[in-house]
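Number 13 in the working numbering belongs to position 13 of the sequence shown; there are no gaps in the numbering.
Note sheet for the following structure.
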Amino acid sequence: MYSKEENFQFKKDFWTALGQYLKPIPNSEGEEINWINYKTGIRQLNFRMDLDRKNAQIAIEITRNDNSERLAIYEKFESLKTIFNETMQEDWIWQESFSNEHKKIISIIYKKLPDVSINVKENWPTVITFFKERIIKLDEFWNDTKVAFDQFKL
Numbered sequence: 001m002y003s004k005e006e007n008f009q010f011k012k013d014f015w016t017a018l019g020q021y022l023k024p025i026p027n028s029e030g031e032e033i034n035w036i037n038y039k040t041g042i043r044q045l046n047f048r049m050d051l052d053r054k055n056a057q058i059a060i061e062i063t064r065n066d067n068s069e070r071l072a073i074y075e076k077f078e079s080l081k082t083i084f085n086e087t088m089q090e091d092w093i094w095q096e097s098f099s100n101e102h103k104k105i106i107s108i109i110y111k112k113l114p115d116v117s118i119n120v121k122e123n124w125p126t127v128i129t130f131f132k133e134r135i136i137k138l139d140e141f142w143n144d145t146k147v148a149f150d151q152f153k154l
């Protein structure tokens, strides 16, 4: 068991390492990008990477407070599912309604890497590869389809 300070340091070190590893990689349009804090340009539509003591996860999270808006964005993703699957080259889990850790109902599309821990530095290369491959493909998908989401910009 690690102390709060040690856990904080693991998190800081991992996200710093991932950021440094991804920094030289341009987005699909050849531009510099902050991969860790990916900006979709759509409010409450986020691409998130997370690593805890059990799993790594990359996700598209739709967190709009207005249920009809959240569902409309999710349905737009569903209409693009064939393109998404072709781009990602693997199946992700799609959940229209999901209660997150804050008990908020969100929509989520995600892929997990089980049995890895932020506290095990030997796992980090596997996790970094997992995130890198998927965030680059997610960026490619987003740049090809983001115009379909323009109606959701505020």
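Using N, Cα and C, we set each Cβ at its ideal position, and we do this for glycine too.
Per-residue DSSP class, three states only, for residue i
i    : result
S68  : helix
P125 : helix
E101 : coil
D144 : helix
E196 : Missing from the structure shown is residue 196; the chain here goes from 1 to 154 and no further.
D139 : helix
R134 : helix
D91  : coil
Q44  : coil
D52  : coil
Through-space distance from residue j to residue i, alpha-carbon basis
i    : j    : result
D115 : D66  : 35 angstroms
R134 : S117 : 18 angstroms
F47  : A59  : 6 angstroms
K153 : S28  : 21 angstroms
K112 : A72  : 25 angstroms
K132 : S68  : 32 angstroms
T82  : F14  : 33 angstroms
T40  : I136 : 13 angstroms
D144 : E90  : 18 angstroms
L22  : G30  : 14 angstroms
F141 : F84  : 6 angstroms
Spatial neighbours of residue i in its chain, beta-carbon cut-off 7 angstroms, leaving aside the 5 residues before and after
i    : result
N123 : V116, S117
E32  : P26
Start-to-end residues for the beta strand (DSSP E) that takes in residue i
i    : result
L18  : Careful: L18 lies outside any beta strand (DSSP E), inside the alpha helix (DSSP H) at 4 to 22.
P114 : 105 to 114
N55  : 55 to 62
Residue i, buried or exposed, once every other Cβ within 10 Å from all chains shown has been counted against 16
i    : result
M1   : exposed
D139 : buried
F77  : buried
F8   : exposed
I93  : exposed
A148 : exposed
W53  : Note that residue 53 corresponds to Arg in the displayed sequence, not to Trp. Flag for R53 reads exposed.
R43  : exposed
Q95  : exposed
Continuous alpha helix (DSSP H) stretch holding residue i: start and end
i   : result
I83 : 81 to 88
Own chain partners of residue i with C-beta closer than 8 angstroms, once the 5 adjacent residues on each side are dropped
i   : result
F98 : I105, I106, S107, I108
Contacting residues, own chain, Cβ-Cβ under 6 angstroms from residue i (five flanking each side not counted)
i   : result
F10 : I118, N119
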